[in-house]
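Below: one structure, written as structure tokens.
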Amino acid sequence: MIIDFHTHMFPDKIAKGTIDLLAGICKVTPYGDGTYTGLLDSAREAGIDLCIALPAVTKISQVESINRFAAKYQEKPIISFGGIHPACENYKEILREIKNLGMKGIKLHPDYQDMYFNDIRYKRLIAFASELELIVSVHAGVDPKCPEDVHCTPKMAREVIREVQPEKLVLAHLGGNLLWNDIERELVGLDVFFDTGVVLDHISQEQFLRIVRNHGADKILFATDFPWKSQKKFKKTLSDMPLSPKEKDLIFSENACRLLGI
Numbered sequence: 001m002i003i004d005f006h007t008h009m010f011p012d013k014i015a016k017g018t019i020d021l022l023a024g025i026c027k028v029t030p031y032g033d034g035t036y037t038g039l040l041d042s043a044r045e046a047g048i049d050l051c052i053a054l055p056a057v058t059k060i061s062q063v064e065s066i067n068r069f070a071a072k073y074q075e076k077p078i079i080s081f082g083g084i085h086p087a088c089e090n091y092k093e094i095l096r097e098i099k100n101l102g103m104k105g106i107k108l109h110p111d112y113q114d115m116y117f118n119d120i121r122y123k124r125l126i127a128f129a130s131e132l133e134l135i136v137s138v139h140a141g142v143d144p145k146c147p148e149d150v151h152c153t154p155k156m157a158r159e160v161i162r163e164v165q166p167e168k169l170v171l172a173h174l175g176g177n178l179l180w181n182d183i184e185r186e187l188v189g190l191d192v193f194f195d196t197g198v199v200l201d202h203i204s205q206e207q208f209l210r211i212v213r214n215h216g217a218d219k220i221l222f223a224t225d226f227p228w229k230s231q232k233k234f235k236k237t238l239s240d241m242p243l244s245p246k247e248k249d250l251i252f253s254e255n256a257c258r259l260l261g262i
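Sequential numbering from 1 applies to the sequence shown in the working numbering.
This is how it looks when you write it as structure tokens:
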């Protein structure tokens, strides 16, 4: 079984406009059209059994519509997390609703939510999400939207982990996109999951393997960030890594199954 723990999809009526906007910001050509069907087709071609879709709420006004869309997709082959903005004063109510709708977790994106990850509003939100046993996936490291102003650095993440002690925190992009040395200094060995979204084609294999081995293969999740990276290519890249069969099994699916409770 192979699980991609970091993908994106949008309602059909806004998918093209959203993908075009983000492609312009990221200066990349997407590998899909941003729709449910596009994600499903890519997963089937790549031989991926389950995709976790992560919606990013950029404004409080989007919370209700994003979660209404996400709630429709709660079975294989695509399971969507919920979305929330840290500035929501009724965050406990929203998180309870996400839980009651059967969603397994939430996605946070500090860069697009214009808030630093060690802000008290993130800490209290993550603390309550943890009480509800929700997975919390967070964009970490450099983002093309504001590459000079990183809103979730490894140091910030370490502060949150130390103070909140979340049980199911996932830091995307191996704990901090492009901040590989900071990850090794601040985060490796802590009780936190890293996903491989985006990073497999721009981190050296030597450093990737060192991070996996020092952090523990039992805390690494296979992920692509589709449609921004190719699921087929990333699957092959990880398959070709000099990792043991057990390490690959953990990364490709066993860790995700444990987190998701499936």
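A virtual CB, placed ideally from N, CA and C, is assigned to each residue, including glycine.
Coarse secondary structure for residue i, derived from DSSP in three states
i, result
"Thr-7", "strand"
"Ser-42", "helix"
"Val-136", "strand"
"Gly-47", "coil"
"Gln-165", "coil"
"Leu-95", "helix"
"Leu-264", "Given that the chain is displayed from residue 1 to residue 262, the structure contains no residue 264 and the question cannot be resolved."
"Val-150", "coil"
"Phe-234", "helix"
Counterpart residues of residue i in DSSP-defined beta bridges
i, result
"Asn-100", "DSSP output for Asn-100 lists no bridge partner at all."
"Asn-177", "Gly-141"
"Ala-53", "Thr-7, Ser-80"
"Leu-221", "Asp-195"
Given residue i as reference, the closest of the options once Cα atoms are compared
i, options, result
"Asn-255", "Ile-135, Gly-47, Ile-203, Ser-204", "Ile-135"
"His-8", "Leu-22, Met-1, Leu-179", "Leu-22"
"Lys-32", "Lys-246, Gly-47, Ser-253, Pro-227", "Residue identity differs from the one stated: residue 32 is Gly in this sequence, not Lys. Checked all of Lys-246, Gly-47, Ser-253, Pro-227; the closest Cα to Gly-32 is Pro-227."
"Glu-281", "Arg-121, Arg-210, Ile-19", "As shown, the chain starts at 1 and ends at 262. That puts residue 281 outside it, with no answer to give."
"Val-188", "Leu-200, Ile-220, Lys-168", "Ile-220"
"Lys-76", "Gly-216, Ser-137, Phe-5", "Phe-5"
"Leu-259", "Val-170, Ala-71, Lys-233", "Val-170"
"Ser-130", "Asp-12, Phe-10, Lys-236, Tyr-91", "Tyr-91"
"Tyr-36", "Ala-46, Cys-51, Gly-24", "Cys-51"
Continuous beta strand (DSSP E) stretch holding residue i: start and end
i, result
"Gly-32", "That residue, Gly-32, is in no beta strand (DSSP E); it is neither H nor E in DSSP."
"Phe-194", "193 to 195"
"Ile-106", "105 to 108"
Host alpha helix (DSSP H) of residue i (start-end)
i, result
"Gly-17", "12 to 26"
"Ile-66", "63 to 70"
"Ile-120", "120 to 131"
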